[in-house]
Structure formats: structure tokens, C-alpha cells
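Asks: For the protein sequence lines, the chains are A and B, in the order given. Everything in the first sequence is counted per our numbering, starting at 1 for the first residue and increasing by one. Everything in the second sequence is counted per our numbering, starting at 1 for the first residue and increasing by one. All C-beta atoms in this analysis are idealised placements derived from N, C-alpha and C, irrespective of residue type, glycine included.
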Amino acid sequence: MDQLTASELADLVGGRLVGGPAVIVGPDVVIDSRLATPGALFLALPGERSDGHDFVAAAVAAGASAVLVTRPVDTPAAQVVVDDTTQALGRLATAVVARARLRGLVCVGITGSSGKTSTKDLLAAVLRAGGVTVAPQGSFNNEIGVPLTACGVDVHTRFLVAEMGARGQGHVAHLCRIVPPDVGVELNVGHAHLGEFGSVGAIAQAKGELVEALAPDGWAVLNADDPLVLAMAGRTEARVATFSVRGEPESGELRVWAENISADAWQRHSFVMHAAGISRADAAVTLQVSGAHQVGNALAAATVGLIEGLDAAAVAGALSEAPAASRWRMEILQRGDGALVVNDAYNANPDSMRAALTALAGMRRPSGRLVAVLGDMLELGIEAAAQHQAVGELAAQLGWTT
Amino acid sequence: MIAVGEFASDLVAGARRGGAEAVAVPSREAAFEAALGLVSPQDVVLVKASRGLALESVAERLASGVAAGHGEGATA
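1. In angstroms, rounded to a whole number, what distance separates the CA positions of S27 of chain B and G195 of chain A?
2. From L36 of chain B to L127 of chain A, what distance separates their C-alpha atoms?
3. Using a Cβ-Cβ distance under 9 angstroms, would E77 of chain B count as near chain A?
4. Relative to the alpha-carbon of V172 of chain A, which residue among A:R158, A:G145, A:H191, A:T157 has its alpha-carbon at the smallest distance?
5. For the alpha helix (DSSP H) that N223 of chain A lies in, which residues bound it at each end?
6. Starting from G18 of chain B, find everything on chain A with Cβ-Cβ shorter than 8 angstroms and list it in chain order.
7. So, is the C-beta of A339 of chain A closer than 9 angstroms to a C-beta in chain B?
8. Establish whether the CB of E60 of chain B and some CB of chain A are separated by less than 9 angstroms.
9. Listing by chain order, which chain A residues have their CB less than 9 angstroms from the CB of E33 of chain B?
10. Taking Cβ-Cβ distances below 7 angstroms as the criterion, which residues of the segment 210 to 239 of chain A are in contact with chain B?
11. Could you name the residues of the same chain whose beta carbon sits closer than 6 angstroms to that of A125 of chain A, not counting the 5 residues immediately before and after it, in chain order?
12. Under 9 angstroms, CB to CB, which of the residues in the segment 38 to 54 of chain B have a partner in chain A?
13. Report yes if the CB atom of C107 of chain A is closer than 9 angstroms to the CB atom of R99 of chain A, and no otherwise.
14. Here's a check: name, in chain order, each residue in its chain whose Cβ is nearer than 6 angstroms to the Cβ of E393 of chain A, leaving out the five neighbours to either side.
15. If we count the other Cβ atoms within 10 Å of its Cβ and call it buried at 16 or more, is P366 of chain A buried or exposed?
16. State yes or no: is the beta carbon of W328 of chain A nearer than 9 angstroms to at least one beta carbon in chain B?
17. Work out the CA separation of H53 of chain A and G63 of chain A for me, nearest whole Å.
18. Are the CB atoms of R16 of chain B and A8 of chain B within a distance shorter than 9 angstroms?
19. Count the other C-beta atoms from every protein chain shown that fall within 10 angstroms of the C-beta of A22 of chain A, then say buried if there are 16 or more, exposed otherwise.
20. Tell me, to the nearest whole angstrom, how far the beta carbon of F32 of chain B is from that of R61 of chain B; I am working on the premise that it is less than 8 angstroms.
21. When the Cα atoms are used, what is the spatial distance from A233 of chain A to S64 of chain B?
22. Taking the alpha helix (DSSP H) that E331 of chain A falls in, what are its first and last residues?
23. Less than 9 angstroms separating the beta-carbons of S279 of chain A and A301 of chain A?
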């Protein structure tokens, strides 16, 4: 964030200032004392195993000039005392984003049941071709990660990417009040967190909160291959763009699709990206990231880039150069003896299991086997046992271990 | 398939129903040991689970489990 004084900080978050009002705070905002930098604001969050207040001294020793706390602690740094540090973080981020939007910041929200983090990485690569872009590290996609990422916006930032996760109704709407989206990307409605939601319809309802938050001059970017996503066109006042891996979508002011899709031995896909409507494109893309599901993710990112006025060649170039950025997501490791180990241990749900198993089945070598080391998919509720059996059966059908 | 966790038996049941070899193991360590014993140079291995199971260390150790230069060399 742009630097401000401790007194301004206290006003923004509605807290009580203890210490020097003129202390300069920023640019960094951190919740991990090990990441504190000179001038940083350290937030003492309650944790499952630890209390952030115990790390104030370490943060200040590393240079933090101010701390956000729920009770005064013994420190030479400026302190802003609030009732709830998570809510205060949300208020701070809301103010940072509102100020930046006045000078032209464009906010892009992404939601979906799977593929959010991969798409976020591809989208950040595309938008960086157009200007300074702030995007989440890893999958910072909840009521802490979204505002913490937003606090990285400063006077130079042109684009902010917000990955919006949902574990219940109203979660995405809440995140949209902190980061009001100009463009909202809806990837898919699948089975992640089915346990909390109860039904796929309820998941669609929650994910659709993103397009409901768009203004009439905003853009909803919808996956035309997912009927539950395409139906969200009726829930937004914004303009609608669509993308598809199956050919030109039937609707949308901007339509983006892939043709001539092929893959190399590591399941890195190549295709020709086409666009019609408000923008036209015919450009070849060769992805560095593995898996057929990345084609749709890349088209989603491309659609946003075209909406923001980037030319097709720049979009295709950025997609083709984007590395597999997030660790433990389809990270391909080659052993000294030639065996390939794909580390996709970051997370799993039935949809991402299916995508990963399918992608790796395509990487099988003539005299080699496919070996799956799989663990639980958590938070599936009453369907958990059946979903695990279905994944096991799918693995067998795809030829996993012989 | 090597399955670990609360639903390992369901993964195994599904895999066996589909005709694949599958075994449930009691721990992450056991999953690593089983995979290390199973994987040969031409194989492709997927390591995947929800975040709570923290299987990334299995993948990382499995990938470094054989020293570079041992075996037949890279072909992929």
C-alpha cells in the first residue's frame, strides 16, 4: 500500500491509536512476523496454534513500524487497537482498493470450484503484459488472503487479481465488497466443499455472487462449457464474454475459443486461440503448464486480457511463456532414473482428481506403468465414501497401475 | 494405487472394482515406502490429496529417492 501515518491508519480501520500518530507505516502489510520489512504494518491475527500478539516483538525487531492488535502490548512501535484484526484488515484493504480505483485500478475476481489458482497464475502473466499487476501468492483466497493481497496495491498498480473462494453463501459477496470487481471470471461449478454447501445448485448460487457484484459497465467472463456457469448470465447486469474449449460459443459480446488442440508428452497443450465479437484474434498458444484443463484456464485468462485491450499476440505470448508458478500443483519432477513424479499434493477434490488422473494418463510411456499415490479428498460430506470409490474406479479405467 | 487416509479403503475398493492393483497403507511414511519399492524408471507417478494430508513430502522424497545417474537415464 502507499505509505500513510499511524493516525491515518487508525482512522481507516476505526481503531484506537497507542503511540506516535506521525509514525510512517508501509508499504508492506504482513501477518507473518518473518516477512516484516522496514516500515511494515504487522497484523496480530488469532491462529489455530498460535496468537499473533506473541510475534509482535519479532516483527518490530525486523523493522515493523506499526502493529494492529486487539489488546495493547509492550512495544516501541505504534499500535492500533481494534476489536477484530481480520475485520480491520478488511477495512484497510477496502480503503486501499477504493483509493486506487479512483486512479484507474482494474480489479479482476476469479471464482470456481477448481482451477482458480492455476487460472490466477495465467491471468497474472497476461495482465503483466499490460501493466503492473498484483496477484495472490499461492491460493490466498479467503477473508484474510484477499484483503492481504489487496494491500499490495500501490500508486503504480494497474491490475489487481483477487481469487475468491467460497465455503458458504455470502462469502464471495463479502470479498466483493473489499475488492469490487470490474471483471468477474466464473470457471466452473463442481464438487469442492459439497459437504458445506449441501448441493451443486447451492454452490452455483454462491459462486454467482461474483457476477452479481459487477456494475453494468463491468464484464462477466463465463465458461460456456459449464451450463451452471453459462446460466449466470441471467444474474448479472454486466456485459457478458464467454470462452470454450469446444469451439465458438453461441452467446457473448466477446467470444473466445480454442481450435486445433494438441499435447506433447508432458501434457503441455498447444492450440489456436480465436476471438470474435468486440475483439478478434487468431493466435497460436503453446502452454508450459501441464494438463488439458489448462486450455480452458488459459482461455479464461485470455478473455480478460482482450477485454482490457491487450492485443492477441501479446496475450498469446504471455500465455506461452507463463511457467508453472505455484508449487505442488502439477509440479513435474524427473528422477535420476527417469521416472516422472508429478507432485499435485497442494489440494484435491473430485474434479481436480479427475483432471490430474486424465492428464497423467496422457503422459504414460510405452513400457511404463502409472502409479497413483492418493490421499483423502476432505470436506465432501455424506457423499465422501462414494466420491472416493468413483475416483478409484476412474483411475483404474484410465489404466492406473496394471 | 497406493491410498492413504480415512477414505483409503474406498479409493482401493473403487480401483479394484475397475481392475487395478491397489493397496491401502496406514500412514504417509508407509505410502512413501510402498511407492519407493514400486516405481521403476519408465513409470509416471501422481501424488495428490487434500491439503490436510500434506503428501508433497512423499512426492519430493520419491523424486529424489534415486540418485541422478543411477538406472537407465532420462527418456521423457
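Replies: Reading off the structure:
1. The residue given as residue 27 of chain B occupies position 27 in the second sequence. The residue given as residue 195 of chain A occupies position 195 in the first sequence. Roughly 25 angstroms separates the two Cα atoms.
2. For the purposes of this step, residue 36 of chain B is taken as the residue at position 36 of the second sequence. For the purposes of this step, residue 127 of chain A is taken as the residue at position 127 of the first sequence. Going by the C-alpha atoms only, they are around 42 angstroms apart.
3. Because chain B spans 1 through 76 in this model, residue 77 of chain B falls outside it and cannot be assessed.
4. Within the first sequence, the letter at position 172 stands for residue 172 of chain A. Measuring from the Cα of V172 of chain A, the nearest candidate turns out to be A:G145.
5. Position 223 of the first sequence, counted from the start, is the residue given in the question as residue 223 of chain A. No alpha helix (DSSP H) holds N223 of chain A; the beta strand (DSSP E) holding it covers 219 to 223.
6. Indexing the second sequence from 1 puts residue 18 of chain B at position 18. Simply G392, E393, L394, A395, A396, Q397.
7. Numbered from its first residue, the first sequence carries residue 339 of chain A at position 339. Yes, its Cβ sits closer than 9 angstroms to a Cβ of chain B.
8. The count along the second sequence starts at 1 and reaches residue 60 of chain B at position 60. E60 of chain B counts as touching chain A.
9. As a working note, residue 33 of chain B is residue 33 in the second sequence. Those within 9 angstroms of E33 of chain B in chain A number zero; the least Cβ separation is about 11 angstroms.
10. none
11. Mapped onto the first sequence, residue 125 of chain A falls at position 125. A318, A322.
12. L38, V39, S40, P41, Q42, D43, V44, V45, L46, V47, K48, A49, S50, R51, G52, L53, A54
13. Indexing the first sequence from 1 puts residue 107 of chain A at position 107. Indexing the first sequence from 1 puts residue 99 of chain A at position 99. Cβ distance not < 9 angstroms, so C107 of chain A and R99 of chain A don't count as in contact.
14. Within the first sequence, residue 393 of chain A is the residue found at index 393, counting from 1. Nothing listed; no residue qualifies.
15. As a first step, residue 366 of chain A must be located in the first sequence, where it is residue number 366. With fewer than 16 Cβ atoms within 10 Å of its Cβ, P366 of chain A is classed as exposed.
16. Here residue 328 of chain A is taken as the residue at index 328 of the first sequence, counted from 1. Interface residue, yes.
17. One-based indexing of the first sequence puts residue 63 of chain A at position 63. One-based indexing of the first sequence puts residue 53 of chain A at position 53. If I take the Cα positions, the gap works out to 16 angstroms.
18. Residue mapping note: residue 8 of chain B aligns to position 8 of the second sequence, counting from 1. Residue mapping note: residue 16 of chain B aligns to position 16 of the second sequence, counting from 1. No, the Cβ-Cβ distance between A8 of chain B and R16 of chain B is not below 9 angstroms.
19. Here residue 22 of chain A refers to the residue found at position 22 when the first sequence is read from its first residue. The residue in question, A22 of chain A, is exposed, as its Cβ has fewer than 16 Cβ neighbours within 10 Å.
20. The residue you call residue 32 of chain B lines up with position 32 of the second sequence. The residue you call residue 61 of chain B lines up with position 61 of the second sequence. About 6 angstroms separates the two Cβ atoms, so the contact holds.
21. The residue given as residue 233 of chain A occupies position 233 in the first sequence. The residue given as residue 64 of chain B occupies position 64 in the second sequence. So the two alpha carbons sit approximately 48 angstroms from each other.
22. Translated into the one-based positions of the first sequence, residue 331 of chain A becomes position 331. Counting along the chain, E331 of chain A falls outside any alpha helix (DSSP H), though it belongs to the beta strand (DSSP E) covering 331 to 334.
23. For the purposes of this step, residue 279 of chain A is identified with residue 279 of the first sequence, where counting begins at 1. For the purposes of this step, residue 301 of chain A is identified with residue 301 of the first sequence, where counting begins at 1. No, the pair does not count as a contact, with Cβ atoms beyond the cut-off.
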